[in-house]
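Just so you know, we're using this note's numbering here: the sequence shown kicks off at 2 and counts up by one.
Ideal Cβ placement from N, Cα and C applies to all residues, glycine included.
Predicted, not measured: the structure shown is a model, and the values here were computed from it.
Below: one structure, written as structure tokens.
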Amino acid sequence: MDLTILRLTYLLLVVSCVASVVIPPFDYNADPVVVLNELQQLAISTLQNGSQLLSQGCSLTEAARRRDWEALSQAERKDYIQAVQCLIAKKPISDPTWASAARTRHDDFVALHTNVTLATHNTGNFFAWHRYHLWAYEKALRDECGYKGYQPYWNWFSHRDNLLESPLFDGSSTSMGGDGEFFRHNGSLVAGGSLWIPSGKGGGCVKSGPFKGMQVHIGPTMPDMDGFVPVGGGSNDYNPHCLRRDITSYVTKTWATTANLLNVTIGAASTTIRDFQLEIEGNSIPENIGFHLMGHSALAADGADLYTSPNDPVFYFHHTMVDRIWWLWQVLHPEEARKLSGTITMYNTPPSRNATLDDPLDMKELYPNAAISELLGTLDGTPLCYVYD
Ligand SMILES: *[C@@H]1O[C@H](CO)[C@@H](O)[C@H](O)[C@H]1NC(C)=O
Ligand SMILES: *[C@@H]1O[C@H](CO)[C@@H](O)[C@H](O)[C@H]1NC(C)=O
Ligand SMILES: *[C@@H]1O[C@H](CO)[C@@H](O)[C@H](O)[C@H]1NC(C)=O
Ligand SMILES: *[C@@H]1O[C@H](CO)[C@@H](O)[C@H](O)[C@H]1NC(C)=O
Ligand SMILES: *[C@@H]1O[C@H](CO)[C@@H](O)[C@H](O)[C@H]1NC(C)=O
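Pasting the structure below:
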């Protein structure tokens, strides 16, 4: 081997060492809240030390910080709640040709999600489309309703044994509302009817807190809770009803575990975008239904409807947590961070081509279509500039 090749090999080695993050050992027996904090610190430290995910677009110091609802002060929670109520009080701006059932600005985001459901779940754009949807919602809260903060997330691991004790669901004036009224039913059949989940103690209209009695107008389109009857159709079927929930800690108790958290962030399911994505949104097996389905199933009723789940304002907290896990994974796996897995139709039915980085993310006419590639980096600057706290 001549010297040039040796030097090149050495250079390549150095470059590939810089590219991959050194993951310290984690304790699989530790509490998942503790483990998540450690993963968070590792991610921030990795970014601070220099990462290929950093760009000219947005620096770590100027990036917005999306925080845990539990870390917000009472006053900050009230500001957020007020902004959501402002969106609910505003008129819709979506086009009635595809969203005639929308009656509020909040409904616009439900109608949008409902219209594109089959092109944005179990598809190559799942993470990116939802990241854009969240960004748009956060922007509406800020630009149209005077909110000064950023979209908070629901830390699934905290209070996982009894979600009703969480500041998110405790029904107080600084929560996102409590459980639904008791409604006798036999749990939910999730994952296309393949998996039964026992009921919580609710199932009816949200009975306490700022969103008590909230009215929604679209869906249910594909509910999985027993006794919750679909109206069919999508965002053109006007069906005013109260927002319903059945807060089901069973699912977080069962699946919000350290093993599942470590598997997707640093373990066997973290090595490729394909495995990561499957584990988060696609496996739907009793051993682990995946964090995406887990959060929806913990809300049940409206918040678990494949199409119309954004009716429940907690949808945005749940998906922000999904986005956070994706972000953590991206920071820890920079070489996979900008890759895609999947086609452009749900479960590849009907069969379709693979998603590509240039594919547009359809926001109907509400926001400009962006390419998937523009939503892959939360620090790219256009349009994204945020990290998680
Ligand atoms: C970042 O750099 C500091 C100081 O060199 C080091 O202690 C720390 O382990 C590094 N963090 C990571 C994630 O590489
Ligand atoms: C979505 O909206 C388009 C019009 O923009 C309409 O043609 C289509 O049928 C709608 N799809 C669903 C699933 O509602
Ligand atoms: C509840 O539903 C599950 C799944 O369909 C079924 O196996 C079970 O027998 C039902 N229980 C009752 C009490 O109806
Ligand atoms: C971890 O992920 C791998 C790959 O997706 C999967 O085969 C395995 O069952 C998972 N392990 C646990 C403990 O969930
Ligand atoms: C689509 O992606 C899969 C998985 O990466 C790959 O095996 C397949 O060859 C791709 N199909 C086409 C037509 O590129």
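Ligand 1 heavy atoms versus the CB of residue i: any closer than 8 Å?
i   : result
Q49 : yes
L61 : no
V22 : yes
Report yes if the C-beta of residue i is less than 8 Å from at least one heavy atom of ligand 4; otherwise report no.
i    : result
L40  : no
L279 : yes
G268 : yes
N264 : yes
A260 : yes
E288 : yes
N284 : yes
What does residue i pair with, by DSSP beta-bridge criteria?
i    : result
S189 : I198, M226
D69  : Y154
T344 : N355
N289 : I286
C206 : R245
G181 : V207
V388 : R66
E337 : Answer is none; E337 lacks a bridge partner.
A371 : L362
Y239 : I219
Does any heavy atom of ligand 3 sit closer than 8 Å to the C-beta of residue i?
i    : result
D247 : no
With residue i and residue j assumed to form a contact (beta carbons below 8 Å), what rounded beta-carbon distance in angstroms separates them?
i    : j    : result
A112 : S236 : 4 Å
G233 : T222 : 7 Å
D162 : S189 : 19 Å between Cβ atoms; not a contact.
S52  : I198 : Not confirmed; about 38 Å, so no contact.
F292 : W157 : 7 Å
L380 : L135 : Wrong, their Cβ atoms sit about 16 Å apart, outside the cutoff.
V22  : L333 : 5 Å
A129 : L377 : 6 Å
E266 : L40  : The sequence given here places Thr at residue 266; Glu does not occur at that position. With 8 Å as the limit, T266 and L40 qualify as a contact, their Cβ atoms being about 6 Å apart.
Y154 : T321 : 4 Å
Quick check on residue i: buried or exposed, where buried means 16 or more other Cβ atoms within 10 Å of its Cβ?
i    : result
A302 : buried
L169 : buried
V230 : exposed
T253 : buried
G147 : exposed
V16  : Bear in mind that a pLDDT of 41 at V16, under 50, signals an unreliable position, so the number given afterwards is only what the model happens to contain. Exposed, because fewer than 16 other Cβ atoms sit within 10 Å of the Cβ of V16.
E282 : buried
F316 : buried
P33  : buried
Y239 : exposed
R8   : Here R8 scores only 44 on pLDDT, less than 50, and its place in the model should not be relied on; the value that follows carries that caveat. Exposed, by the Cβ-count rule.
R132 : buried
L415 : There is no way to answer for residue 415, as the model of the chain reaches only from 2 to 390.
V388 : buried
R104 : buried
I286 : exposed
D3   : Model confidence at D3 stands at a pLDDT of 46, short of 50, so the residue's coordinates are unreliable; what they give is reported in the following sentence. D3 is exposed by the Cβ-count criterion.
Q278 : buried
N261 : buried
N30  : exposed
I6   : Note on I6: pLDDT 44, under 50, position unreliable in the model; the coordinate value appears next. With fewer than 16 other Cβ atoms within 10 Å, it is exposed.
V191 : buried
T98  : exposed
S174 : exposed
C18  : In this predicted model, C18 has a pLDDT of only 42, less than 50, meaning its place in the structure is not dependable; the value taken from the coordinates is given anyway. Flag for C18 reads exposed.
Would you give the residue range spanned by the alpha helix (DSSP H) that residue i belongs to?
i    : result
G1   : There is simply no residue 1 to check, as the chain begins at 2 and stops at 390 in what is shown.
P231 : Unbroken run through P231: none, as it is neither H nor E.
N261 : 259-266
E39  : 33-49
H107 : 106-117
R78  : 75-90
Y29  : Note, Y29: premise wrong, no alpha helix (DSSP H); not H, not E.
S250 : 250-256
I274 : 274-278
In terms of residues, what are the limits of the beta strand (DSSP E) holding residue i?
i    : result
Q216 : 216-219
Y133 : Looking at the DSSP string, Y133 is not in any beta strand (DSSP E); the run it does join, the alpha helix (DSSP H), is 127-146.
Y317 : Counting along the chain, Y317 falls outside any beta strand (DSSP E), though it belongs to the alpha helix (DSSP H) covering 315-333.
Looking at ligand 5, does it come within less than 8 Å of residue i, judged from the CB to the closest heavy atom?
i    : result
N355 : yes
S275 : First, the amino acid is wrong: residue 275 is Arg here, not Ser. The answer is yes for R275.
S342 : yes
Strictly under 9 Å for the Cβ-Cβ distance: is residue i near chain D by that measure?
i    : result
G193 : Protein chain content of the structure displayed is limited to a single chain, and chain D is not contained in it.
Are there any heavy atoms of ligand 2 lying less than 8 Å away from the beta-carbon of residue i, as far as the coordinates show?
i    : result
K365 : yes
D96  : yes
W155 : no
N126 : no
W99  : yes
Which residues neighbour ligand 6 when neighbourhood means a C-beta less than 5 Å away from any of its non-hydrogen atoms? List them by chain order. No copy of ligand 6 occurs in the structure displayed; its ligands are ligand 1, ligand 2, ligand 3, ligand 4 and ligand 5 alone.
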